[in-house]
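Contents: one structure, followed by commentary.
Residue numbers (the UniProt record's numbering): 1 to 86.
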């Protein structure tokens, strides 16, 4: 089909374009599932190496944030703990 030919439409929807979008999303979801399994395996490896997985997850989360955001959250955490007498 040349770039000047119109994509077949069904009910006003370009069927080929829709199919392409859906198939791309499906492929990416499969890749994501594979990556999630790989990440799960790495966490299991960390656990078997003696690392505390919740702490590892917390560090990974913190590395995605700005230092000021981390500091603010740590300060609030301490305030809340003190408020609860912990």
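For each residue, glycine too, the CB sits at the ideal point set by N, CA and C. The structure presented is a predicted model; accordingly, all values stated were derived computationally and were not measured.
- In the three-state scheme derived from DSSP, where H, G and I count as helix and E and B as strand, residue 44 is classed as helix.
- With respect to the 9 Å criterion, residue 43 and residue 27 are not classified as neighbours on the basis of their beta carbons.
- Residue 30 sits in a helix when the DSSP states are folded into three classes.
- Judged by DSSP in its simplified three-state form, residue 66 adopts coil rather than helix or strand.
- Taking a contact as a CB-CB distance under 8 Å, the pair residue 47 and residue 55 does not count as one, their CB atoms being some 11 Å apart.
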